[in-house]
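Notes for the one structure printed next.
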Amino acid sequence: MVSITYSHRIICDYDFLVWLLKQPDKNLIYSQLLHIKSSSEQWKRCHNLILSSETDNNDYSKTLTPQNISAIFKIVGDPDFLSSYKDQDTKNIIFAIKMADERPFKCCFLTTPEKEALYRQNKHYMGISSVEIASGDQAKKIIRDFFSVFEYKREQERQ
Amino acid sequence: MAIAMFSMESEESIIMEFELSEDLIESYNNNKDIVFLDLQLKNIVEKFPVGTLLQVTKKIGSSIQILGVKEVNNSLISSMIGE
Numbered sequence: 001m002v003s004i005t006y007s008h009r010i011i012c013d014y015d016f017l018v019w020l021l022k023q024p025d026k027n028l029i030y031s032q033l034l035h036i037k038s039s040s041e042q043w044k045r046c047h048n049l050i051l052s053s054e055t056d057n058n059d060y061s062k063t064l065t066p067q068n069i070s071a072i073f074k075i076v077g078d079p080d081f082l083s084s085y086k087d088q089d090t091k092n093i094i095f096a097i098k099m100a101d102e103r104p105f106k107c108c109f110l111t112t113p114e115k116e117a118l119y120r121q122n123k124h125y126m127g128i129s130s131v132e133i134a135s136g137d138q139a140k141k142i143i144r145d146f147f148s149v150f151e152y153k154r155e156q157e158r159q
Numbered sequence: 160m161a162i163a164m165f166s167m168e169s170e171e172s173i174i175m176e177f178e179l180s181e182d183l184i185e186s187y188n189n190n191k192d193i194v195f196l197d198l199q200l201k202n203i204v205e206k207f208p209v210g211t212l213l214q215v216t217k218k219i220g221s222s223i224q225i226l227g228v229k230e231v232n233n234s235l236i237s238s239m240i241g242e
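If you read the sequences in order, they're chains A and U. The numbers in my numbering rise by one with no breaks, and the one at position 63 of the first sequence is 63. For my numbering, add 159 to where a residue sits in the second sequence, where the first one is 1.
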């Protein structure tokens, strides 16, 4: 059985999905995220997450449908503890920090190069080590590296 | 991931999920409520190499019936992301 204990859970914002669709290798990235989400030993089918407050107010006609977002990122309702935060970026940061209090105790937060700096300046992110913010080529590398672990295990299982 | 595609009058829903072939068989072996539409479909799933990612169409009602499977490939992904 191909079942992987990934080093980080993956969380993204809506901007990342829009960015993904503009990439020339979007099919490859999408496929890699599909495999990661389906092969997580600890969080099968909910390894990759996006808050519903990220997707609810967006124009799906310009990007993925909810069904096709859900295939790669489980859309989760905003937990109650986020209700005290008004700023959406802060909700995302707080959510990622909270998710890292469960196995594997680390999260990658994927966004766009434009928004990465804003997240890094968020006061709630100061001093946080369990959440790694990534965008652009770095985000692609993280996804590729996770998928490589899946591929390696799959090859082993098939021999 | 579970996606409600539409509800039928008989209060059954068709959903699509993505599962590795061996996970689907494991679920079937451990849950008597899961049935395949026909035995041939189960045989097809069992013949996929380990680690094959499948798009699985299920009908949820008084049981979970596996209606069909598709191997995830580039053309399926292109259809999903609107290329």
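We put the CB at the ideal spot given by N, CA and C, even for glycine.
Contact list for A/Ser-39 against chain U, beta-carbon separation under 7 Å: Result: Leu-179.
Neighbour-count burial assignment, A/His-47, 16 or more Cβ in a 10 Å radius: Buried: at least 16 other Cβ atoms inside 10 Å.
Put U/Ile-240 into one of helix, strand or coil per three-state DSSP. Correct three-state label for U/Ile-240: coil.
Rounding to the nearest angstrom, what Cα-Cα distance links A/Lys-141 and A/Gln-156 in this structure? A/Lys-141 and A/Gln-156 have their C-alpha atoms roughly 22 Å apart.
Distance, A/Asn-122 Cα to U/Lys-229 Cα: About 43 Å.
Between A/Met-1 and chain U, is there a C-beta pair that is closer than 8 Å? Closer than 8 Å: yes.
Taking the continuous alpha helix (DSSP H) assigned at A/Gln-138, which residues delimit it? Segment 136 to 158, the alpha helix (DSSP H) holding A/Gln-138.
Are the stretch 91 to 98 of chain A and the stretch 27 to 34 of chain A touching by the rule of at least three beta carbon pairs closer than 8 Å? Output reads no: the stretch 27 to 34 of chain A does not touch the stretch 91 to 98 of chain A.
Does the distance from the C-beta atom of U/Leu-226 to that of U/Phe-177 stay below 8 Å? Contact: no.
If A/Leu-64 and A/Ile-11 are in contact, beta carbons under 8 Å, what's the gap, nearest whole angstrom? Their Cβ separation, rounded to whole angstroms, is 16 Å, which puts A/Leu-64 and A/Ile-11 out of contact at 8 Å.
Considering only their Cβ atoms, is the gap separating A/Phe-16 from A/Thr-90 smaller than 8 Å? Not in contact: A/Thr-90 and A/Phe-16 (Cβ atoms no closer than 8 Å).
Please check if any C-beta of chain U sits within less than 8 Å of the C-beta of A/Ala-139. For A/Ala-139, the answer is no, since every Cβ of chain U falls outside 8 Å of its Cβ.
How far does the beta strand (DSSP E) with U/Gly-172 in it reach, from first residue to last? Correcting the residue identity first, residue 172 of chain U is Ser in this sequence and not Gly. Taken as a continuous stretch (DSSP letters only), the beta strand (DSSP E) holding U/Ser-172 covers 172 to 179.
When you compare only the Cα positions, how much space is there between A/Tyr-125 and U/Asp-182? Taking the straight line joining both Cα atoms gives about 37 Å.
Residue span of the alpha helix (DSSP H) that contains A/Leu-49, given as start and end: Under the DSSP assignment, A/Leu-49 falls outside any alpha helix (DSSP H), being part of the beta strand (DSSP E) whose first and last residues are 48 to 51.
Taking just the CA atoms, how far does U/Leu-198 sit from U/Leu-191? This sequence places Lys at residue 191 of chain U; Leu is not what is there. Rounded to the nearest whole angstrom, the CA to CA distance from U/Lys-191 to U/Leu-198 is 15 Å.
Once the 5 residues before and after U/Gln-224 are set aside, which same chain residues still bring their CB inside 7 Å of it? Contacts found: Val-194, Leu-196, Lys-217 and Lys-218.
Closest residue to A/Thr-168 among A/Ser-38, A/Ser-40, A/Val-76 and A/Ser-39 (Cα-Cα distance): In the structure displayed, chain A extends from 1 to 159; residue 168 of chain A sits before or after that span and is not available.
Rounded to a whole number of angstroms, what is the C-alpha to C-alpha distance between U/Val-209 and A/Tyr-30? Straight-line Cα distance between these residues: approximately 21 Å.
With DSSP as the reference, please indicate the residues paired to A/Thr-111 in a beta bridge. Answer by DSSP bridge pairing, in chain order: A/Ser-135.
Provide the residue span of the alpha helix (DSSP H) that contains U/Ile-203, from first to last. Residues 198 to 206.
For my contact list, A/Cys-108 and A/Ala-71 are in at a C-beta cut-off of 8 Å; report their separation, rounded to the angstrom. Contact between A/Cys-108 and A/Ala-71 is absent: CB atoms are separated by about 19 Å, not below the 8 Å threshold.
When every heavy atom of the ligand MN is checked, does at least one fall within less than 7 Å of the C-beta of A/Phe-150? This structure simply doesn't include the ligand MN, nor any ligand for that matter.
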